[in-house]
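Residue numbers (this note's numbering), protein chains in the order written: chain A, 630 to 844; chain B, 630 to 844. Think of the CB as a built atom: it goes at the ideal place given N, C-alpha and C, for glycine as much as any other residue.
Protein chains: 2
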Amino acid sequence: MEAVLTAAVALLDEAGGPALTFRALAARLGTGVGTIYWYVSNKDELLDRATDHAIGGVLAAVEKQPDSDDPIADLRAMAVTLFDAIVDRPWLSAYFMRNTDLQSNSLRLYEKLGRQTLRLDLTPRQRFHAVWAIIGVVVGSAADLGVEIPQELLDGHMGRDEYLGRFAETWRSLDATEFPYVHQIVDEFAGHDDRDQFLAALDLTLAGLRLQAGA
Amino acid sequence: MEAVLTAAVALLDEAGGPALTFRALAARLGTGVGTIYWYVSNKDELLDRATDHAIGGVLAAVEKQPDSDDPIADLRAMAVTLFDAIVDRPWLSAYFMRNTDLQSNSLRLYEKLGRQTLRLDLTPRQRFHAVWAIIGVVVGSAADLGVEIPQELLDGHMGRDEYLGRFAETWRSLDATEFPYVHQIVDEFAGHDDRDQFLAALDLTLAGLRLQAGA
DNA sequence: TTCGACCATAGAACGCCGTTCGAGGTTGAC
DNA sequence: GTCAACCTCGAACGGCGTTCTATGGTCGAA
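What follows is the structure, given as structure tokens:
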């Protein structure tokens, strides 16, 4: 079981979601596909268990982070840790928190985030929404990040700048009066860093939260 | 072409992403699969064009909304319109904004949102991040919504309350000292409304944005 | 030592998928 | 009548998730 999950995570790391097939996994393990079905009842469960396996590492990292006197700063640090983990493993964003029954580490991480909100002056409902909003920002940011890697980049045939530049070029060629906003931000887009973009979104949410908590 | 996209959207509406296959689409159109490949070079393009087709309706609705004197309120209204559209068609969240070359309506919608930020006192970079953050909240919220419909609900064999209640039950059975947060919010979860959750996340982001714009 | 219960393995087979391909029809300009 | 350009079709290919059946291996009971 442990070996199956480790191999599954390795396959996902090497070539992303589509690369994880029962046949490839069986080949890597030197067994037949039927054997994998002995441990796991279908592909969804395999993905959930592999995801939880990987999230275990994130959870361990998060649990090492000591509490400061600012819960919102702690929330931010945890969100950043999670984001960085998903950047390393973009496939995580697609499956994270999909099934908390099978993903007990994800649930623990959720609890870990939520506990910080207990230190804020909020209603239970506000706490519930706040944690969900933060997770949404992390997963949403990282998901977008995974999408924009269309194989050429992964193969190394094209640099990231060239890829973004091509988009920027077509955007620049749009009519300036019809697309004033796109024209204004096209340079930001061309040189943008995903992490900055994530942090900006996160900080907007956290600023709103701080306001709500009156802290 | 038009007929292909209309039929594709109809299939997606009826049974979600997995239901859109070239064979099913060909059958519905009364043609062969090869014919569809004449109009569209592969499935990704089909999905992008179908998505843009559907987003066209959202764009039309958004363009009808008149500007108020509060750009952030206008941003909020547009985001809500987009969210409601994705609630009606959950499959949209997976493909929206994936390729702005093929999704010209999506690009126009992006411009429409961005133009509101031109009325705010922000740097171009802040505008860029703000729009992206808002889209992230919308798509992220709606995506989560699509995930949590695991067929039983779609088939009508189980009510939504029952479904959420089952999750709530397992959460409640967790150790209370180990999971104080989960215990506190389990009731919120059991009765939660996705739209409220989305609005809460959106309003956190918009509150942060308002702070940033000094408005 | 033999036997059966049970855990575990293996891989052929099924049906569905995206995609390719070559063989056609239809149309209108010359 | 000819010839391109446009469009249609469905068999065929390889890969996927999943199922099923047959077979090893292990180990306590007899």
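### Query
When you compare each of B:813, B:837 and B:682 to residue 734 (chain B) by their alpha carbons, which one comes out closest?
B:682
### Task
Taking 9 Å as the cut-off, decide whether the C-beta atoms of residue 653 (chain A) and residue 640 (chain A) are in contact.
yes
### Task
Find out if the Cβ-Cβ distance for the pair residue 646 (chain B), residue 720 (chain B) is shorter than 9 Å.
yes
### Message
For residue 662 (chain B), count the other beta carbons within 10 Å of its own beta carbon; 16 or more makes it buried, fewer makes it exposed. Which is it?
### Response
exposed
### Touching by the beta-carbon criterion (3+ pairs, under 8 Å), the stretch 763-774 of chain A and the stretch 825-835 of chain A
yes
### Query
How about residue 729 (chain B): is its C-beta nearer than 9 Å to some C-beta of chain A?
yes
### Query
Name the chain B residues that come within less than 9 Å of residue 740 (chain A), Cβ to Cβ?
803, 807, 808, 809, 810 and 811
### Message
Taking the straight line between their C-alpha atoms, what separation do you get for residue 737 (chain A) and residue 673 (chain B)?
### Response
36 Å
### Query
Taking 9 Å as the CB-CB cut-off, is residue 746 (chain A) touching chain B?
yes
### Message
Helix, strand or coil, according to DSSP, for residue 645 (chain B) in the structure here?
### Response
coil
### Message
Helix, strand or coil for residue 740 (chain B)? Go by DSSP, reduced to three states.
### Response
helix
### Message
I want to verify the contact list: residues of chain B whose CB lies under 7 Å from the CB of residue 817 (chain A), in sequence order.
### Response
753, 754 and 757
### Task
Have a look at residue 786 (chain A) and residue 802 (chain B) and give me their C-alpha separation to the nearest angstrom.
52 Å
### Message
Using only CA atoms, which one of A:743, A:679 and A:748 lies nearest to residue 722 (chain A)?
### Response
A:679
### Three-state class that DSSP yields for residue 803 (chain A) in the structure shown
coil
### Message
Quick check: what's the CA-CA separation for residue 693 (chain B) versus residue 708 (chain B)?
### Response
14 Å
### Query
For residue 728 (chain A), does the three-state DSSP call read helix, strand or coil?
coil
### Query
Along the chain, where does the alpha helix (DSSP H) that runs through residue 843 (chain A) open and close?
Taken as a continuous stretch (DSSP letters only), residue 843 (chain A) belongs to no alpha helix (DSSP H), as it is neither H nor E.
### Query
Checking contacts by CB at 9 Å: is residue 834 (chain B) closer than that to chain A?
yes
### Task
Specify, as a first and last residue, the run of the alpha helix (DSSP H) that residue 815 (chain A) falls within.
809-819
### Task
For residue 743 (chain A), collect the residues of the same chain with a Cβ closer than 6 Å to its Cβ; drop the 5 residues on either side in sequence, then sort them by chain order.
760
### Expected contact under 8 Å - CB spacing of residue 836 (chain A) and residue 835 (chain B) to nearest Å
Between residue 835 (chain B) and residue 836 (chain A) the Cβ distance is about 10 Å, and since that is not below 8 Å, they are no contact.
#### Entry: Short CB-CB distance (under 9 Å) between residue 712 (chain A) and chain B
no
### Message
With H, G and I counted as helix, E and B as strand and the rest as coil, what does DSSP make of residue 691 (chain A)?
### Response
helix
### Contact set between residue 768 (chain B) and chain A, taken where Cβ atoms lie within less than 7 Å
769
### Query
Looking at residue 793 (chain A) and residue 758 (chain A), is the spacing between their C-beta atoms short of 9 Å?
no
### Message
For residue 743 (chain A), would you say it is in contact with chain B, using Cβ-to-Cβ distances shorter than 9 Å as the test?
### Response
yes
#### Entry: DSSP-derived helix/strand/coil call for residue 671 (chain B)
coil
### Sub-9 Å separation of residue 799 (chain A) and residue 677 (chain B) beta-carbons
no
### Task
Could you work out which residues of chain A lie near residue 762 (chain B), taking near to mean beta carbons separated by less than 7 Å?
829, 830 and 833
### For residue 718 (chain B), three-class secondary structure by DSSP
coil
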